[in-house]
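Chemist:
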Amino acid sequence: MYKLNIVLFEPQIPQNTGNIARTCAVTGAALHLVEPLGFEIDDKKLKRAGLDYWDKLDITYYKNTDDFFSRVSGNFFFFTTKGRQNHSEVSYPDDNVYIIFGREDAGIDEKILHDNIDRCVRIPMRNTLRSLNLSNSVAIAAYEVLRQWDYPELSSEGRLTKY
104 MYKLNIVLFE PQIPQNTGNI ARTCAVTGAA LHLVEPLGFE IDDKKLKRAG
154 LDYWDKLDIT YYKNTDDFFS RVSGNFFFFT TKGRQNHSEV SYPDDNVYII
204 FGREDAGIDE KILHDNIDRC VRIPMRNTLR SLNLSNSVAI AAYEVLRQWD
254 YPELSSEGRL TKY
């Protein structure tokens, strides 16, 4: 059974979270938001970025990372610039995968990364630059997992019928 979960630890920018919500809606991934959030859930910027997809989300909120880890179990993959292996080198199991991302300005807490060093992965990029945008990173990671799973329940047919 395929179950992709996208987890955001303390996201700060509403537009990023809105874009990620849209990615979740179109791929069928569940969204997990771990507080504190850097915005209110009813923020106009969040809703605008998510457009009319917000009501199509499977979304769960957590008070903090301890709350998250106490309530869920599965196959965790922590996306970080400090990861030792590339995201595309990992074989993602086809059951209950959680791809986890940290806040835009600080990433994932160092203790969590240290405790899960074998589950830390990175997206390749130039060494001279800090990182990709969070919503871009989530999309890259989600689609790599889905590619490995052969895009379950996603249509590969185009939507346009004629020009």
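So the mapping is simple: this note's numbering equals the position in the sequence shown, first residue as 1, plus 103. For glycine and all other residues, C-beta sits at the position ideal for the given N, C-alpha and C.
Considering only their Cβ atoms, is the gap separating Ser240 from Phe204 smaller than 8 Å?
Modeler: Taking the sequence shown and counting its residues from 1, the one referred to as residue 204 is at position 101. Taking the sequence shown and counting its residues from 1, the one referred to as residue 240 is at position 137. Yes. Within cutoff.
Chemist: Taking Cβ to Cβ, would you say Thr130 is nearer than 8 Å to Leu257?
Modeler: Position 27 of the sequence shown, counted from the first residue, corresponds to residue 130. Position 154 of the sequence shown, counted from the first residue, corresponds to residue 257. Yes. Within cutoff.
Chemist: Please classify Tyr201: is it buried, with 16 or more other beta-carbons within 10 angstroms of its beta-carbon, or exposed?
Modeler: Indexing the sequence shown from 1 puts residue 201 at position 98. By the neighbour-count rule (16 or more Cβ atoms within 10 Å), Tyr201 is buried.
Chemist: Could you work out which residue in Lys214, Ile226 and Asp158 is closest to Gln188 when comparing CA atoms only?
Modeler: Residue 188 sits at position 85 when you count from the first residue of the sequence shown. Of the listed residues, the one whose Cα sits closest to Gln188 is Ile226.
Chemist: Between the Cα of Asp145 and those of Asn108, Trp157 and His135, spot the shortest distance and give me the residue it belongs to.
Modeler: Residue 145 sits at position 42 when you count from the first residue of the sequence shown. Closest option to Asp145, Cα to Cα, is Trp157.
Chemist: His135 and Phe171: beta carbons closer than 8 Å?
Modeler: Start at 1 with the first residue of the sequence shown, and residue 135 comes out as number 32. Start at 1 with the first residue of the sequence shown, and residue 171 comes out as number 68. It is a contact, given that the beta carbons lie within the stated cut-off.
Chemist: Let's test the definition: count the other Cβ atoms within 10 Å of the Cβ of Tyr195 and tell me whether it reaches 16, buried, or not, exposed.
Modeler: Indexing the sequence shown from 1 puts residue 195 at position 92. Sixteen is the threshold: when 16 or more other Cβ atoms of the shown chains lie within 10 Å of the Cβ of Tyr195, as they do, the residue is buried.
Chemist: Would Ala209 be called buried (16 or more neighbouring beta carbons within 10 Å of its own) or exposed?
Modeler: Reading the sequence shown from its first residue, position 106 is the one you call residue 209. The residue in question, Ala209, is exposed, as its Cβ has fewer than 16 Cβ neighbours within 10 Å.
Chemist: I need the boundaries of the alpha helix (DSSP H) containing Leu140, first residue and last residue.
Modeler: Translated into the one-based positions of the sequence shown, residue 140 becomes position 37. No alpha helix (DSSP H) holds Leu140; DSSP gives it neither H nor E.
Chemist: Could you pull out every residue in the same chain whose Cβ sits closer than 6 Å to the Cβ of Leu107, ignoring the five residues on either side in sequence?
Modeler: Counting from one through the sequence shown, the residue named residue 107 turns up at place 4. Setting aside the 5 residues that flank it on each side, Leu107 is surrounded in the same chain by Ala132, Val200 and Val248, each with a C-beta closer than 6 Å to its C-beta; the list follows chain order.
Chemist: Is Leu235 helix, strand or coil when you go by DSSP?
Modeler: For the purposes of this step, residue 235 is taken as the residue at position 132 of the sequence shown. In this structure, Leu235 counts as coil in the three-state DSSP scheme.
Chemist: Would you mind giving the Cβ-Cβ distance between Cys223 and Gly186, rounded to the nearest angstrom? I have them listed as a contact below 8 Å.
Modeler: On the sequence shown, residue 223 is found 120 positions in, with the first residue counted as 1. On the sequence shown, residue 186 is found 83 positions in, with the first residue counted as 1. Correct: roughly 4 Å between the Cβ atoms.
Chemist: Could you tell me whether the Cβ atoms of Ile211 and Thr183 are closer together than 8 Å?
Modeler: Here residue 211 is taken as the residue at index 108 of the sequence shown, counted from 1. Here residue 183 is taken as the residue at index 80 of the sequence shown, counted from 1. It is a contact, given that the beta carbons lie within the stated cut-off.
Chemist: Determine the DSSP secondary structure at Thr163, reduced to helix, strand or coil.
Modeler: On the sequence shown, residue 163 is found 60 positions in, with the first residue counted as 1. Residue state, collapsed to three classes: strand.
Chemist: Nearest to Thr168 by alpha carbon, out of Val193, Ile123, Leu237 and Arg206?
Modeler: Here residue 168 corresponds to residue number 65 of the sequence shown, with the count starting at 1. Looking at the Cα atoms, Arg206 is the closest of the given residues.
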